[in-house]
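Peer 1: Once you've had a glance at the structure underneath, I'll fire off some questions.
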Amino acid sequence: MTSGAPREIALAQIDVPAGRRKVDPDWVAALAADIDGQGLRIPILVVEAGKRFRLIAGAHRLGAAKALKWKAIPADVKPADAFADEAALRLAEIAENLMRRELSALDRAMDVAAWREIYEQAQGAVKPGRKKSFQVGTNSDADPMAVAAERFSAAFNEAAQRALGLGKTAVWRCLKIATLDADTRERVALTRLADNQSELIALADVEREMRPAVLDHVLSEPPMAGSVAAALGMIEGRKPEDQAEKAFRSFSDSWRRFPVRQRRAFVRAHQAEILDMLKEEGAL
């Protein structure tokens, strides 16, 4: 999709077609911070339109350049005759969006973990045992993963955290998933589990030697188990709990914690059914 080496194009000469997807201001702010420190890695893509240029791909990069008050931006430029007609040009714009493969939850977790490791090497390793305000999945005050998540997420401003999804809890989840061993990651990659963050975290909590059997149950065709938890239950010989019974126990446990006003409101809402039941049992 490129035509020779990138050219410096004045921002004032670039037109963004109407109807394009809305630019995320948080993503623009995050990109601007990255570009300011690292430079623009990938030029935007434009097509010649007389003495001006029409944007094909790179709206967020263009927005970041404007935020940085750049006068010009590197661009791969397509000649005006590169597209047969307006429909062909529009298809090229759509293809630029559709053909970008999004990272799976597994891939993203591994990238975040690697990024955090590089960051820690540059900034100094986190020392376990420090007091902290953030804890996920542990009651310990010395959870190195929670400390690492808090420190790494703090490296980004609020806009970047929102745009990149790198708040403290999100980073912790990624670091947790990244503890999966290489064999497990290889089996999970490109399966439905690869993009299910909660199931990946559950799998990370399974003892390493049990993971192959769990995956045998979950990834079989058809699946012998619908989840990591269900697979563990089958392997350990536990009968799957009836969902209605599980819901009833949960409601019963919660009932005692409801205020009197809410309990009475519930009884009034189901008064007819309750009275019928009491009559049937001879209590009325």
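The opening position of the sequence shown corresponds to residue 73 in the working numbering, with each subsequent residue numbered one higher.
For every residue, glycine included, the Cβ atom is placed at its ideal position computed from N, Cα and C.
Under 8 Å by Cβ, that's how I've got GLY130 and ILE107 pegged, so tell me the actual separation to the nearest angstrom.
Peer 2: So it is not a contact: roughly 12 Å between Cβ atoms.
Peer 1: Less than 6 Å between C-beta atoms, sequence neighbours within five positions excluded: which residues of the same chain meet that for LEU275?
Peer 2: Contacts found: VAL300.
Peer 1: Alpha helix (DSSP H) containing ARG283: first to last residue?
Peer 2: Per DSSP, ARG283 belongs to the alpha helix (DSSP H) from 283 to 290.
Peer 1: With C-beta atoms as the reference, is ARG62 less than 8 Å away from ASP325?
Peer 2: What the structure shows of the chain is the stretch from 73 to 356, and residue 62 is not part of that stretch, so it cannot be assessed.
Peer 1: According to DSSP, is PRO97 helix, strand or coil?
Peer 2: Of the three classes helix, strand and coil, the one that applies to PRO97 here is helix, per DSSP.
Peer 1: Using only CA atoms, which one of LEU140, LYS138 and ILE128 lies nearest to ASP148?
Peer 2: Taking only the C-alpha atoms, the option nearest ASP148 is ILE128.
Peer 1: Less than 8 Å separating the beta-carbons of GLU120 and LYS150?
Peer 2: Yes; because the gap between Cβ atoms is below 8 Å, this pair is in contact.
Peer 1: Based on DSSP bridge pairs, tell me the residues matched to GLU80.
Peer 2: The partner list for GLU80 (beta bridge, DSSP) reads PRO146.
Peer 1: Evaluate GLN269 with the Cβ neighbour count: other Cβ atoms within 10 Å of its Cβ, from every protein chain shown; 16 or more gives buried, anything less gives exposed.
Peer 2: GLN269 comes out buried.
Peer 1: Let's test the definition: count the other Cβ atoms within 10 Å of the Cβ of ILE145 and tell me whether it reaches 16, buried, or not, exposed.
Peer 2: The residue is buried, with at least 16 neighbouring Cβ atoms inside 10 Å.
Peer 1: What's the call for ARG283, buried or exposed, on a 16-neighbour Cβ count within 10 Å?
Peer 2: Classification of ARG283: buried, given that the 10 Å Cβ count is 16 or more.
Peer 1: What residue ranges within the region 225 to 265 form continuous alpha helix (DSSP H) runs of no fewer than 4 residues, ordered along the chain?
Peer 2: The region 225 to 265 contains these whole alpha helix (DSSP H) runs: 230 to 236, 240 to 249 and 254 to 260.
Peer 1: When you compare the region 283 to 293 with the region 252 to 265, are there three or more beta-carbon pairs, one atom per stretch, that lie closer than 8 Å?
Peer 2: Contact between the region 283 to 293 and the region 252 to 265 is present, because at least three Cβ pairs lie under 8 Å.
Peer 1: Expressed to the nearest angstrom, what Euclidean distance is found between the alpha-carbon atoms of ASP96 and ARG336?
Peer 2: The alpha-carbon atoms of ASP96 and ARG336 are separated by roughly 47 Å.
Peer 1: Give the secondary structure of SER212 by DSSP, where H, G and I count as helix, E and B as strand, and everything else as coil.
Peer 2: Any answer about SER212 is weak, because its pLDDT of 44 lies below 50 and its placement is not dependable; what the coordinates show is given next. Here SER212 sits in coil by DSSP.
Peer 1: If distances are taken between C-alpha atoms only, which option among LEU178, ARG333, ALA160 and GLU174 comes closest to LYS248?
Peer 2: Considering only alpha carbons, the answer is LEU178.
Peer 1: Just the C-alpha distance for ALA242 and ILE114, rounded to the nearest angstrom, thanks.
Peer 2: If I take the Cα positions, the gap works out to 27 Å.
Peer 1: Grouping DSSP H, G and I as helix and E and B as strand, with all else coil, what is ASP87?
Peer 2: Here ASP87 sits in strand by DSSP.
Peer 1: What's the C-alpha gap between GLY91 and GLY237?
Peer 2: Those two C-alpha atoms are separated by around 26 Å.
Peer 1: Which residue from GLY76, LYS94 and GLY135 puts its Cα closest to that of ILE86?
Peer 2: Checking every option, the nearest Cα to that of ILE86 belongs to GLY135.
Peer 1: On the criterion of 16 or more Cβ atoms from any shown chain inside 10 Å, does GLU271 qualify as buried, or is it exposed?
Peer 2: Buried, because 16 or more other Cβ atoms sit within 10 Å of the Cβ of GLU271.
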